[in-house]
Amino acid sequence: IKIADHFNVGIILMGNQREESLCKEIQNLVKCPLRNACGTTDLLQSMAILSKSVLAIVNDGGPLHMAVAAGTKTVSVFGPVDEKVYGPYLGSAGQHQVVTSLIACRPCYRNFRRAACEHMSCIKDIEVQKVFSAVQNLLT
Numbered sequence: 251i252k253i254a255d256h257f258n259v260g261i262i263l264m265g266n267q268r269e270e271s272l273c274k275e276i277q278n279l280v281k282c283p284l285r286n287a288c289g290t291t292d293l294l295q296s297m298a299i300l301s302k303s304v305l306a307i308v309n310d311g312g313p314l315h316m317a318v319a320a321g322t323k324t325v326s327v328f329g330p331v332d333e334k335v336y337g338p339y340l341g342s343a344g345q346h347q348v349v350t351s352l353i354a355c356r357p358c359y360r361n362f363r364r365a366a367c368e369h370m371s372c373i374k375d376i377e378v379q380k381v382f383s384a385v386q387n388l389l390t
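Everything in the sequence shown is counted per our numbering, starting at 251 for the first residue and increasing by one.
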């Protein structure tokens with residue numbers, strides 16, 4: 251919402267079918283117009299959307315790398331996963347911002363497994379303002 255208000259941009263929610271309920275929950279919570287494409291696009295359609303986007307805010311998964319390959323600026327949020335290993339590799343300098351929290355136990359994702367964790371502070375402690383600042387760095 252803060253990004254849409256500040257930059258006057260449209261928002262498209264993307265995800266797979268397992269994330270449809272989360273996307274609907276987000277859609278119901280926000281007051282700005284958005285397009286919910288969650289669970290309705292295949293890989294090629296998702297790539298087409300990303301290639302036409304000014305910016306993608308993504309987690310540490312496949313859509314991050316799709317957006318980078320499409321030449322789209324990215325803000326990627328990394329919790330337990332090491333951004334030095336799984337972060338954006340392509341693209342020119344200044345095109346990609348990585349957001350993490352600085353806690354001693356991160357990164358804990360190794361051998362495709364996350365360590366047993368009761369607090370998940372690595373993701374829960376990332377504040378909206380930190381993501382917003384990364385977006386500002388890329389769009390201004």
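Beta carbons are placed, not taken as given, at the ideal position from N, Cα and C, and that holds for glycine.
Computed from a predicted structure; not experimentally measured.
Distance between beta carbons of residue 329 and residue 372, contact taken as under 8 Å: Working through the sequence shown from its first residue, we reach residue 372 at position 122. Working through the sequence shown from its first residue, we reach residue 329 at position 79. About 4 Å separates the two Cβ atoms, so the contact holds.
Presumed contact (8 Å Cβ cut-off) between residue 384 and residue 347, rounded CB distance: Numbered from 1 along the sequence shown, position 134 holds the residue referred to as residue 384. Numbered from 1 along the sequence shown, position 97 holds the residue referred to as residue 347. That pair is a contact at about 4 Å.
Status (buried if at least 16 other CB within 10 Å, exposed otherwise) for residue 299: Translated into positions along the sequence shown, residue 299 becomes position 49. It is buried - the Cβ of residue 299 has at least 16 other Cβ atoms within 10 Å.
Proximal residues to residue 308 (C-beta, below 8 Å), its chain only, five neighbours per side dropped: Numbered from 1 along the sequence shown, position 58 holds the residue referred to as residue 308. Around residue 308: 314, 317, 324, 325, 326, 327.
Beta-carbon separation (whole angstroms), residue 272 vs residue 287, contact threshold 8 Å: As a first step, residue 272 must be located in the sequence shown, where it is residue number 22. As a first step, residue 287 must be located in the sequence shown, where it is residue number 37. Their Cβ separation, rounded to whole angstroms, is 13 Å, which puts residue 272 and residue 287 out of contact at 8 Å.
Burial state of residue 285, where buried means 16 or more other Cβ atoms lie within 10 Å: The residue labelled residue 285 in the question sits at position 35 within the sequence shown. It is exposed - the Cβ of residue 285 has fewer than 16 other Cβ atoms within 10 Å.
Whole-angstrom distance between residue 331 and residue 365, CA atom to CA atom: On the sequence shown, position 115 is the one that residue 365 refers to. On the sequence shown, position 81 is the one that residue 331 refers to. One C-alpha to the other measures close to 10 Å.
Nearest neighbour of residue 261, chosen from 281, 319, 350 [CA to CA]: Counting from 1 along the sequence shown, the entry for residue 261 is found at position 11. Nearest of 281, 319, 350 to residue 261, Cα basis: 281.
The beta strand (DSSP E) enclosing residue 346, as first and last residue numbers: Working through the sequence shown from its first residue, we reach residue 346 at position 96. Unbroken beta strand (DSSP E) run through residue 346: 346 to 349.
Own chain partners of residue 254 with C-beta closer than 7 Å, once the 5 adjacent residues on each side are dropped: Numbered from 1 along the sequence shown, position 4 holds the residue referred to as residue 254. If we look at residue 254 and ignore the five residues flanking it on each side, its Cβ neighbours are 261, 282.
For residue 353 and residue 376, the rounded distance between their alpha carbons: Position 126 of the sequence shown holds residue 376. Position 103 of the sequence shown holds residue 353. Residue 376 and residue 353: Cα-Cα distance of roughly 11 Å.
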